[in-house]
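Undergrad:
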Amino acid sequence: MNERKKRLRTGAVLAMLAAVALLALWCDINAGYRSISLEELGQIFSGTASQSLTYTLVDLRLPRVLTSLLVGVGLSLSGCLLQGVSRNDMADPGVLGINAGAGLLVAAFIVFVPAGLVPSAVALPLLAFAGSAAVAFLGWRLSVVRGASSPRRLLLIGVALATGLSSATSLLMLRMSDGDYAFVQNWIAGSIWGASWGNVAILSVGLALLAFGAFYASRTLNVLGLGEAAATGLGVNVPRARAALTAVAVGASGLACAVGGGLTFVGLVCPHMARRLVGPNFRALVPACVLVGAVLMLLADIVSRTLLAPNEIPVGIVAAVIGAPYFLYLLARS
Amino acid sequence: MKKPNAADFRDSFREGAPEAPEVVDEPLFCETCDRTCERFADAALRGEAVSVGYGDRVIIEPMDVAVPAGEITSIIGPNGCGKSTLLKALSRTMPLCGGAVYLDGRAIAEMPTAEVARKMALLPQSPQAPAGLTVGELVALGRYPHQKGFGRLTDDDKRIIDWALSITHLGDFAARPIDALSGGQRQRAWIAMALAQDTGLILLDEPTTYLDMAHQLEVLELLQTLNRDQGKTIALVIHELNLAARFSDWMIALKAGAIRGAGTPAEVMTPALLREVFGLDALIVPDPWTARPSLVSYRLAGEE
């Protein structure tokens, strides 16, 4: 039967994606000044490895690699939901202005809070998340006209907010020392800088919940894809469903942004790649987006850490350099 | 569920009428068609003093309107007369300025939207499916209001989906993407989705627009089959007057946001009404095949 064949194919694609993600994870763990063999990995787990090896892998490499993976998942999931809710292929977390909001707060923290007063490893992720959530909420409030928001208005207002907030950030950056300026510039370009086991734990729990929510809502997302009137006709409370799913999207990208900075391109391209692989049905698309996001960010992380080692290229730039040509290729083919 | 009795109904159609005595068996008087009629006693869908507009702009003047149960109702009228708006207002896809809509006698505004969707299906004008969505997937979405949790299709769901596909002759197309279908097939796929919703009432907004004559007929014959064999109540907005007259039991003619006539095709398809509603001089004769009124020729009505 045709339907069954299709489902089998989708399952196979997802399994392959998961395998690719694992492979990329392994490569990323191995990328760097010191590579780690399977044997050494076993030693680390059994506790017989040397202290320096354990330190390199457990304290430095793994949190960094897992953070990259989770950032990719968050952005891709967010883009997937935003494109679904707005029925707009160009939607991504950056378009809502939430990265710009996070960037502004991060820059303001560096300018106005004296160094050493609050540990930045704690403050910056919190501020970044608060900035994204605040801007998303502001954009949503502004988009409500006659008691109803429309995705189109939400995106337009997001673009305006992003532009305004970025300008404000640039203004703040003019007052910075060279070191601070470089840090914020790096942050905006997208760098994994909040890598710690604590952040990995928060991100994995948060994103697991959000991804589960998105998967649970996949049939509602499918119905929303038919347009507002048809979705209402099928019994979806469209404003409520949109608000809830947008909130999930903002949560996912806010978490990613808190430790990964102003990466946005990942959120735009990953859903397109995933759709190419499994089609528009969100039942398959949500898991596919999670996996594609993980793979793309792991690949970007490998390049970012090895290409100019020991210097690091902001991973957002690498992700864009990898993603853009593929994106153009997809658009040229469709 | 409370069925409206005749007295309730007459009140709703008589604005500012004095307190009506409790008489149930009295025939109904309907101001929209200016006469007594029984078919409204158990209308499937009924709007009372329904109005729609933005700010000062009135799209639908307060009107009483009913979709008789078990029949095919066509809403006709010139461009911009508010006929699609009326359908949207009745199907809760456009907010009302005033009045209320009743589905099986219950106010829609007070029903959960999923419950409404289990009783009334809606096919919007020129609906768009996401690229790559297959016919089978689209039709399966029709089960949405009946599903819970993750929405795994039950055997019941699958049976109804298969039925909807087969009655619309799309059984062989289930795995085909919607965007690869012809216009007529695509319209049938959307109708199949509405059928999978398994409702007694189906509203369709211009289901024949952009189709050639043969495909228009195909869609209307399908609707007629559903009406006759499955007892579905159907209401549609349609531009083609001859098709409306041929397939409808009831017609509602709108102009400038107000009902100008409602009745059987023979009552609505008259030169006087077409002149009033469309500004046309119409030559109407009985169709020799169907005996329904048929517009043979027409010209713009001259000034008088």
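One line per chain: the protein sequences are H and Z, in this order. FYI, in this note's numbering the residues of the first sequence are 442 to 775. FYI, in this note's numbering the residues of the second sequence are -3 to 300. Built from N, CA and C at the ideal position, the CB exists for glycine as well. Remember, predicted model here, so these are calculated numbers, not experimental data.
Can you name the residues of chain H whose CB is closer than 8 Å to the CB of Z/GLY128?
TA: Ordered by position in chain H, the residues that pass the 8 Å Cβ test against Z/GLY128 are ARG716, GLY720 and PRO721.
Undergrad: Under 7 Å from any heavy atom of the ligand SAM, does the C-beta of Z/THR260 make it?
TA: Only the bare structure without any ligand can be found here, which leaves the ligand SAM out of the picture.
Undergrad: Under the assumption that Z/ALA114 contacts Z/HIS142 (Cβ atoms under 8 Å), give the Cβ distance between them as a whole number of angstroms.
TA: According to the sequence shown, residue 114 of chain Z is Arg rather than Ala. Confirmed, Cβ separation roughly 6 Å.
Undergrad: What does Z/LEU232 reach in chain H if we use C-beta pairs closer than 8 Å?
TA: Near Z/LEU232 there are no residues of chain H at all, since even the closest Cβ is about 14 Å away, more than 8 Å.
Undergrad: First and last residue of the alpha helix (DSSP H) that includes H/PRO504?
TA: Unbroken alpha helix (DSSP H) run through H/PRO504: 503 to 527.
Undergrad: Suppose the cutoff is 7 Å on Cβ atoms and the five residues either side in sequence are ignored; what does the same chain contact list for H/ARG475 look like?
TA: If we look at H/ARG475 and ignore the five residues flanking it on each side, its Cβ neighbours are THR497.
Undergrad: Compute the distance between the beta-carbons of H/GLY535 and H/THR705, then report whether it is under 8 Å.
TA: Cβ distance < 8 Å, so H/GLY535 and H/THR705 count as in contact.
Undergrad: Below 7 Å between beta carbons is the criterion; list the residues of the stretch 652 to 664 of chain H that meet it against any residue of chain Z, in chain order.
TA: Here the close residues are TYR657, ARG660, ASN663 and VAL664.
Undergrad: Does the beta-carbon distance from Z/VAL292 to Z/PRO74 come in below 8 Å?
TA: No, the pair does not count as a contact, with Cβ atoms beyond the cut-off.
Undergrad: I'd like to know if H/ASN678 contacts chain Z, where contact means its C-beta is closer than 8 Å to some C-beta of that chain.
TA: It does; some Cβ of chain Z falls within 8 Å.
Undergrad: Assuming Z/LYS251 is part of the alpha helix (DSSP H), what are its boundary residues?
TA: No alpha helix (DSSP H) holds Z/LYS251; the beta strand (DSSP E) holding it covers 246 to 251.
Undergrad: Sorted by chain position, which residues of the same chain lie with C-beta nearer than 8 Å to Z/ASP277's C-beta, five sequence neighbours on each side aside?
TA: Around Z/ASP277: PRO267, ARG271, TYR294, ARG295, LEU296, ALA297 and GLY298.
Undergrad: What are the complete alpha helix (DSSP H) segments, minimum 4 residues, inside the stretch 237 to 299 of chain Z?
TA: Taking only runs of at least 4 residues, the alpha helix (DSSP H) segments lying wholly in the stretch 237 to 299 of chain Z are 237 to 243, 261 to 264 and 267 to 274.
Undergrad: Which same chain residues, not among the five before or five after H/HIS713, have their C-beta less than 6 Å away from its C-beta?
TA: If we look at H/HIS713 and ignore the five residues flanking it on each side, its Cβ neighbours are LEU771.
Undergrad: Are any of the Cβ atoms in chain H nearer than 8 Å to that of Z/LEU149?
TA: It does not; no Cβ of chain H falls within 8 Å.
Undergrad: Taking one C-beta from the stretch 240 to 260 of chain Z and one from the stretch 63 to 78 of chain Z each time, how about it: are there three or more such pairs within less than 8 Å?
TA: Contact between the stretch 240 to 260 of chain Z and the stretch 63 to 78 of chain Z is present, because at least three Cβ pairs lie under 8 Å.
Undergrad: Within a Cβ cutoff of 8 Å, which residues of the same chain sit near H/ALA761, ignoring the five residues on either side of it in sequence?
TA: Within the same chain, H/ALA761 has close Cβ partners PHE706.
Undergrad: For Z/ARG172, does the three-state DSSP call read helix, strand or coil?
TA: If DSSP states are grouped into helix, strand and coil, Z/ARG172 belongs with coil.
Undergrad: Put Z/ILE55 into one of helix, strand or coil per three-state DSSP.
TA: In the structure shown, Z/ILE55 sits in a strand (DSSP, three-state: E or B).
Undergrad: Z/ALA45 and Z/GLY95 look like a contact to me (Cβ under 8 Å); what is the Cβ gap, rounded to whole Å?
TA: Yes, Z/ALA45 and Z/GLY95 are in contact; Cβ-Cβ is about 4 Å, under 8 Å.
Undergrad: Measure from the C-beta of H/LEU667 to each C-beta in chain Z and report whether the shortest distance is under 8 Å.
TA: So, interface residue.
Undergrad: Residue range of the beta strand (DSSP E) that H/ASP742 falls in?
TA: No beta strand (DSSP E) holds H/ASP742; the alpha helix (DSSP H) holding it covers 723 to 747.
Undergrad: Between the Cα of Z/GLY179 and the Cα atoms of Z/LEU191, Z/PRO123 and Z/ILE56, which residue gives the shortest distance?
TA: Selected option, being the one with the closest Cα: Z/PRO123.
Undergrad: Where does Z/GLU44 sit, in a helix, a strand or coil, going by DSSP?
TA: Here Z/GLU44 sits in strand by DSSP.
Undergrad: At which residues does the alpha helix (DSSP H) containing Z/THR109 begin and terminate?
TA: Unbroken alpha helix (DSSP H) run through Z/THR109: 109 to 113.
Undergrad: So what's Z/ARG102 in DSSP terms, helix, strand or just coil?
TA: In this structure, Z/ARG102 counts as strand in the three-state DSSP scheme.
Undergrad: Note down, in chain order, every chain Z residue with its Cβ under 9 Å from the Cβ of H/GLU481.
TA: Those do not exist, as H/GLU481 stays about 42 Å from chain Z at its closest Cβ, beyond 9 Å.
Undergrad: Would Z/LEU82 pass as a contact of Z/ILE71 if the rule is Cβ separation under 8 Å?
TA: For Z/LEU82 and Z/ILE71, yes; Cβs fall inside 8 Å.
Undergrad: Less than 8 Å between CB atoms is the rule here; does H/GLY674 satisfy it with respect to chain Z?
TA: Yes - at least one Cβ of chain Z is within 8 Å of the one on H/GLY674.
Undergrad: Let's see if you can read the secondary structure: which residues bound the beta strand (DSSP E) around Z/THR69?
TA: Z/THR69 -> beta strand (DSSP E) spans 68 to 72.
Undergrad: What did DSSP end up calling Z/LEU119 once you bin it into helix, strand or coil?
TA: Note: Z/LEU119 maps to strand in three-state DSSP.
Undergrad: Could you give the DSSP three-state label for H/LEU558: helix, strand or coil?
TA: DSSP places H/LEU558 in coil when its eight states are reduced to three.
Undergrad: Using 8 Å as the cut-off, can you tell me whether the stretch 590 to 607 of chain H makes contact with the stretch 549 to 561 of chain H, which would need three or more C-beta pairs spanning the two stretches below that distance?
TA: No: the two stretches stay apart, fewer than three of their Cβ pairs being nearer than 8 Å.
Undergrad: Say whether chain Z places a C-beta atom closer than 8 Å to the C-beta of H/ALA453.
TA: Chain Z contact via Cβ: absent.
Undergrad: Please name the residue or residues paired with Z/ALA96 in a DSSP beta bridge.
TA: In the DSSP output, where bridge partners are listed per residue, Z/ALA96 has Z/GLU44.
Undergrad: If you check the beta carbons only, do H/LEU651 and H/VAL700 fall under 8 Å apart?
TA: Going by C-beta atoms, H/LEU651 is not nearer than 8 Å to H/VAL700.
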